[in-house]
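Read top to bottom, the protein sequences are chains A and B. Letter by letter, the first sequence follows residues 20 to 363 of my numbering. Letter by letter, the second sequence follows residues 2 to 180 of my numbering. What follows is a short report on a single structure.
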Amino acid sequence: MEFLLIKFVLVVIVFAVSLGIAAYSTYAERKIAAFLQDRVGPDRAGPFGLLQPLADGVKMFMKEEIIPSNADRLLFILGPCIMMMTACMTGVVIPWGHGLEINGTFYPVQITDINIGILYVFGVVSIGVYGIMIGGWASNNKYSLMGAIRASSQMISYELAMGMAVIALIMTTGTLSVREMVEQQHGIHWNVFTQPLGVILFIVCAFAECNRTPFDLPECETELVGGYHTEYSSMKLGFYLFAEYINMFISSAIIASLYFGGYNFPFIDQLGLSPNMLSIVGTLIFFGKIFFFIFFFMWIRWTIPRFRYDQLMHLGWRTMIPLGILNILGTGIYVLYKNGQLHF
Amino acid sequence: MQLTNRSKVVVNKEMTFAEKIYLPAILSGLLITIKHLFRKKATVKYPEQTRPVAPVYRGWHVLKRDEQGRENCTACGLCAVACPAEAITMTAAERKKGEEHLYREEKYAAVYEINMLRCIYCGLCEEACPKEAIFLTDRMVPSDMVRTNFIFGKDKLVEGTEADKRIDVSLRAKAHRHQ
Chain A
20 MEFLLIKFVL
30 VVIVFAVSLG
40 IAAYSTYAER
50 KIAAFLQDRV
60 GPDRAGPFGL
70 LQPLADGVKM
80 FMKEEIIPSN
90 ADRLLFILGP
100 CIMMMTACMT
110 GVVIPWGHGL
120 EINGTFYPVQ
130 ITDINIGILY
140 VFGVVSIGVY
150 GIMIGGWASN
160 NKYSLMGAIR
170 ASSQMISYEL
180 AMGMAVIALI
190 MTTGTLSVRE
200 MVEQQHGIHW
210 NVFTQPLGVI
220 LFIVCAFAEC
230 NRTPFDLPEC
240 ETELVGGYHT
250 EYSSMKLGFY
260 LFAEYINMFI
270 SSAIIASLYF
280 GGYNFPFIDQ
290 LGLSPNMLSI
300 VGTLIFFGKI
310 FFFIFFFMWI
320 RWTIPRFRYD
330 QLMHLGWRTM
340 IPLGILNILG
350 TGIYVLYKNG
360 QLHF
Chain B
2 MQLTNRSKVV
12 VNKEMTFAEK
22 IYLPAILSGL
32 LITIKHLFRK
42 KATVKYPEQT
52 RPVAPVYRGW
62 HVLKRDEQGR
72 ENCTACGLCA
82 VACPAEAITM
92 TAAERKKGEE
102 HLYREEKYAA
112 VYEINMLRCI
122 YCGLCEEACP
132 KEAIFLTDRM
142 VPSDMVRTNF
152 IFGKDKLVEG
162 TEADKRIDVS
172 LRAKAHRHQ
């Protein structure tokens with residue numbers, strides 16, 4: 020009973036935090052966009068414009084909700100629901116902190132530590148493609164459909180390369196559980212140092228998975244109107260846009276925990292703090308890393324122009340996947356050599 | 002025939018390895034954008050802040066009072082005649098006994114209206130005025146949703162009598178006298 024209660028509280032906290040961070044990511048995106056272009060950004064709603072996400076939310080809710088008469092009603096509503104649900108589901112396996120010891124019992128700050136955690140993330144993320152595809156299909160609009168096809172083919176293509184990058188990581192860590200992967204990176208033994216090529220592959224693929232610039236092809240005013248959400252309005256559109264920001268938050272968390280040590284930080288043992296204190300500091304540092312990657316996502320967005328669609332596919336299939344295979348090969352040799360099984 | 006030296010010969014050369022992997026180019030791009038994060042912002046937060054305007058800037062008109070707070074305008078109608086946009090209309094009235102502290106001369110404008118949507122801010126009214134009563138100032142005309150609100154009457158044109166409500170046109174008057 021107590022177990023359920025704690026998990027329930029954790030679920031609610033993680034859910035609320037991801038929604039809150041996603042909401043303020045929209046604000047951060049606009050602010051950072053403005054700062055990088057020598058502007059000020061939204062500053063009218065509340066102090067420094069801090070109430071802007073609230074105002075945007077109210078606006079989204081108040082807008083007229085239009086379902087096209089030729090659209091498939093059920094699927095049209097299902098699309099954004101799937102998108103939102105899968106976006107919120109991925110946060111479950113991420114270890115947000117080492118854990119707290121209260122009255123002799125250890126409570127890990129993670130909703131569930133399944134032994135195939137990283138596979139679970141991939142599984143859930145690939146269901147997210149259905150959200151886009153169903154939404155585009157149900158709109159009964161050629162632009163929506165083409166946008167959806169673009170989005171899903173892009174996501175499926177880059178999921179392959181992402182999987183390749185993660186396979187190499189699994190080879191060095193020997194586990195699929197995200198928690199164990201993070202625990203192995205104690206101190207400064209981060210995976211980024213053993214998998215430098217893997218990091219680059221993973222980050223680039225994460226950008227493509229989140230439909231962020233330079234891979235934001237699904238939305239394309241000149242060719243496709245609004246892409247897969249052309250026909251969407253009101254909060255259904257809001258769900259699509261919001262899910263994108265949650266995905267960005269979760270990808271940042273995954274990048275940080277797989278490659279950049281998660282809640283570990285250098286000189287973790289030399290600080291001389293109690294384990295509970297260390298766990299709290301670790302969680303804060305983990306969030307610092309996540310915020311850096313969210314900033315990095317936005318920073319990239321306002322730096323690089325987008326790819327053309329054929330270039331995107333070219334990069335995905337003819338550069339990223341061969342590089343991924345090469346990385347697996349190199350990692351295999353490295354692992355064998357390290358274990359002393361390689362004899363020249 | 003070559004007109005300038007700015008033309009460039011286009012070469013379709015193979016990209017080098019460093020160019021092909023994009024990463025160095027992306028890195029230098031990121032450095033450029035991050036530098037802008039710390040630059041001074043170009044934004045002027047109107048209406049709290051306004052940009053300084055030239056002394057000859059022609060904006061929202063003012064109907065001046067003299068030192069004793071009496072309206073200068075005598076409703077002679079020269080501004081209305083001079084106005085190329087026909088934006089100015091007025092109704093003259095005779096000054097009554099006991100109103101000497103309000104109006105400088107025996108005749109005054111009971112109604113003085115400028116249609117700010119017709120006005121082209123040319124400043125000819127100011128040039129035509131023999132009493133130094135009308136001036137164009139550096140104040141910008143605020144936006145509005147209704148057309149009728151742009152017909153500015155005396156309530157919006159005549160300056161206040163209090164010292165802090167006076168509108169300084171000394172620069173403008175000086176620039177005007179030198180013409």
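Even for Gly, the Cβ is constructed at its ideal location relative to N, Cα and C.
In the DSSP assignment, residue 53 of chain A falls within the unbroken alpha helix (DSSP H) covering 21-55. With fewer than 16 other beta carbons inside 10 angstroms of its own, residue 212 of chain A counts as exposed. Straight through space, the alpha carbons of residue 152 of chain B and residue 119 of chain B are spaced by roughly 9 Å.
In the assembly as shown, residue 139 of chain B is a buried residue. Its beta-carbon has 16 or more other beta-carbons within 10 Å. Taking 8 Å as the upper bound on Cβ-Cβ separation, chain A lies near residues 31, 33, 34, 35, 37, 38, 40, 41, 42, 43, 44 and 46 of the segment 31-50 of chain B. Taking a cut-off of 8 Å on C-beta distances, the segment 117-137 of chain A does not touch the segment 78-88 of chain A, as fewer than three cross pairs fall below it. Between residue 110 of chain B and residue 74 of chain B a beta carbon distance of about 5 Å is seen, short of the 8 Å cut, so the two are scored as contacting. For residue 322 of chain A, the residues of chain B that pass the 8 Å Cβ criterion are 27, 30, 31, 33 and 34, in the order they occur in the chain. Under DSSP, residue 116 of chain A takes part in a beta bridge, and its partners are A:128.
Assigned with DSSP and collapsed to three states, residue 64 of chain B falls in strand. Look at residue 141 of chain B here: in three-state DSSP terms it is coil, with no helix or strand label.
Beta-bridge pairing by DSSP links residue 135 of chain B to B:64. 8 Å or more divides the Cβ of residue 169 of chain A from the Cβ of residue 232 of chain A.
Think of a sphere of 7 Å around the beta carbon of residue 57 of chain A: the chain B residues whose beta carbon falls inside it are 37, 40, 42 and 43, in chain order. Here DSSP, grouped into helix, strand and coil, assigns residue 34 of chain B to helix. Short of 7 Å from the beta carbon of residue 274 of chain A, and not among the five residues preceding or following it, lie these beta carbons of its own chain, in chain order: 221, 222, 225 and 312. Under the 8 Å criterion on CB atoms, residue 212 of chain A is classed as non-interfacial with respect to chain B. Listed along chain B, the residues sitting closer than 9 Å to residue 54 of chain A by beta-carbon distance are 37, 38, 39, 40 and 42. Taking all protein chains shown into account, residue 343 of chain A has 16 or more neighbouring C-beta atoms within 10 Å of its C-beta and is therefore buried. Within chain B, the residues whose beta carbon sits less than 8 Å from that of residue 318 of chain A are 31, 34 and 35, listed in sequence order.
Listed in chain order, the non-local C-beta contacts of residue 42 of chain A below 6 Å within the same chain comprise 72, local neighbours out to five positions each way being set aside. Looking at the backbone, the Cα of residue 316 of chain A and that of residue 148 of chain A are separated by about 20 Å.
Restricted to the segment 82-166 of chain B, the beta strand (DSSP E) segments that are unbroken, complete and at least 3 residues in length are 89-95, 108-116 and 135-137, listed in chain order. In summary, residue 198 of chain A is buried, with 16 or more beta-carbon neighbours lying within 10 Å of its beta-carbon over all protein chains present.
Taking C-beta atoms as the reference points, residue 143 of chain A and residue 105 of chain A count as a pair closer than 8 Å. The alpha carbon of residue 63 of chain B has as its nearest neighbour, out of B:146, B:94, B:147 and B:124, the alpha carbon of B:124. In this structure, residue 55 of chain A sits near residue 34 of chain B, with a CB-CB distance shorter than 8 Å.
Between residue 37 of chain A and residue 107 of chain A, the C-beta spacing is below 8 Å.
In this structure, the straight-line span from the alpha carbon of residue 341 of chain A to that of residue 214 of chain A is close to 16 Å. Closest in C-alpha terms to residue 65 of chain A, from the list A:74, A:59, A:58 and A:57, comes A:74. Non-local C-beta neighbours of residue 37 of chain B in its own chain, meaning closer than 7 Å and more than five positions away in sequence, are absent. Bridge pairing for residue 121 of chain A: A:124 [DSSP]. Shortest Cα-Cα distance from residue 166 of chain A to any of A:159, A:174 and A:155 involves A:155. The C-beta of residue 117 of chain A has 16 or more other C-beta atoms within 10 Å across all chains shown, which makes the residue buried. Sequence-distant partners of residue 114 of chain B (beyond 5 residues in either direction) whose C-beta falls short of 6 Å from its own C-beta, in its chain, are 90, 152 and 154. Separation of residue 45 of chain A and residue 173 of chain B (C-alpha to C-alpha, rounded to the nearest whole angstrom) is 47 Å.
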